[in-house]
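Worksheet: the structure to be examined is printed underneath.
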């Protein structure tokens, strides 16, 4: 069964603008030809320069949905938005490494893998809901659900299995707090953020909360609790979303407008520019607070100063002159800024714990000694008390 049929006008090297050819096509057929790297020959041109109609026998029709042998793993990667999921996992690993607790390889692996599966499930559900709108955007029109390379039922099943496996790993392999954060983020992304994209520009703030939770999951997975240091990491991730996404969305305004998405870049360009600048400055302030809260040493504030200053400078150039050039520079540098900032966090961590802190061991030893001493004293006292009892 064909996904859809349509007509497009293809202008070739013609003598007059009127010489156009109408070609029937389907999206599934186009994708299949790209995967097989088969090039459909151009319509033949007669000696008079007139383009002849392409015969139906030269068109490859493919059923939709269809499955390409050997492409299943690649389709799962696209469905889970592999690059975005990788970024989520990296920030989770950063939160785990920065927590003031002993590093445990088992919980680290379970936390990393569980978070990755939950993120993959959230992205799959997001694509399931947005098929009609993704088909209208140049950036998303080739996604696996839009082109019919995977059925909606297949995608939902993948999301359900990934979410169940991921949350189980977080709950049984890490702790309840990490699992609760993962479940909350899954709900927030799929149930609130995804539909809100077509309702209000508040979706950007909600999406930033979604991006700020993964480092909290890593921190909770290692330490078992959340404190002020965890909020510093979450605040940096929250603030970073605005210059990153606002710069990205600026050059995609026609696509977002066509699909009906309510983005700041479309509905309120001035707010889009101001927000990017404000939160880029906020990152510098949060970085300066990290040593005050004993998350890093004071070298961190000095080392991140030029990095954050240049990021704020690019945001200011975007605010001052918003065009494709300034937005592209800000977006590209944001992809360098976050990994560099995370590396500086790790390099300047206040204290590393490769085993249980010495203070905790000393506390246990002193407690044991006190109990032993009390028992010994009690043993010395009891016989006297018993002997004196009958008197």
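Numbering (full-length UniProt numbering), first residue to last: 1 to 391.
All residues carry an ideal CB built from backbone N, CA and C; glycine is no exception.
Computed from a predicted model, the values in this text were never measured in an experiment.
With a cut-off of 8 Å on Cβ pairs, the segment 121-131 is not in contact with the segment 176-184, counting fewer than three such pairs. Rounded to the nearest angstrom, the gap between the Cα atoms of residue 300 and residue 345 is 7 Å. In the three-state reduction of the DSSP assignment, residue 140 falls in the coil class, being assigned neither a helical nor a strand state.
Distances from the CA of residue 159 to each of 136, 124, 284 were compared; the closest alpha carbon is that of 124.
In the DSSP annotation of this structure, residue 188 is not part of any alpha helix (DSSP H), being labelled neither H nor E.
For residue 75, the enclosing alpha helix (DSSP H) starts and ends at 72-79. Around the beta carbon of residue 292, fewer than 16 other beta carbons lie within 10 angstroms, which makes this residue exposed. Residue ranges of uninterrupted alpha helix (DSSP H) with 4 or more members, entirely inside the segment 167-242 and ordered along the chain, are 176-187, 203-223. Remark: three or more beta-carbon pairs, one from each stretch, lie closer than 8 Å, so the segment 97-111 and the segment 215-223 are flagged as touching. Judged by pairs of C-beta atoms under 8 Å, the segment 305-320 touches the segment 328-339, as three or more such pairs exist. Residue 236 sits close to residue 341, with the two beta carbons spaced by under 8 Å. Burial check for residue 199: the Cβ neighbour count within 10 Å stays below 16, so the residue is exposed. A straight-line Cα-Cα distance of about 12 Å links residue 146 and residue 138. Around the beta carbon of residue 305, fewer than 16 other beta carbons sit within 10 angstroms, so the residue counts as exposed. Around the beta carbon of residue 324, fewer than 16 other beta carbons sit within 10 angstroms, so the residue counts as exposed. Looking only at 82, 271, 92, 172, the smallest Cα-Cα distance to residue 339 is reached by 92. Looking only at 233, 189, 263, 277, the smallest Cα-Cα distance to residue 286 is reached by 233. In the DSSP assignment, residue 127 falls within the alpha helix (DSSP H) that extends over 105-129. Around the Cβ of residue 255, a 10 Å sphere holds 16 or more other Cβ atoms; the residue is buried. Contact annotation: residue 111 and residue 174 have beta-carbon atoms nearer than 8 Å. Contact between residue 279 and residue 311 fails: their C-beta atoms lie close to 10 Å from each other, not under 8 Å.
Distance from the Cα of residue 76 is smallest, within the candidate group 105, 88, 104, 122, for 122. Only residues of its own chain outside the window of five on either side were considered, and among them 296, 297, 299, 300 have a CB closer than 6 Å to the CB of residue 348, listed in chain order. Around the Cβ of residue 117, a 10 Å sphere holds 16 or more other Cβ atoms; the residue is buried. For residue 299, the uninterrupted alpha helix (DSSP H) run begins and ends at 299-320, by DSSP. The Cβ atoms of residue 185 and residue 202 do not sit closer than 8 Å to each other. Residue pairing by DSSP places residue 296 opposite 349 in a beta bridge. Judged by their CB atoms, residue 284 and residue 309 are nearer to each other than the 8 Å cut-off. With 16 or more other Cβ atoms from the protein chains shown falling within 10 Å of its own Cβ, residue 208 counts as buried. In the displayed model, residue 287 falls within a helix according to three-state DSSP. For residue 259, the enclosing alpha helix (DSSP H) has its first and last residue at 253-259.
When DSSP states are grouped into helix, strand and coil, residue 152 belongs to the helix group.
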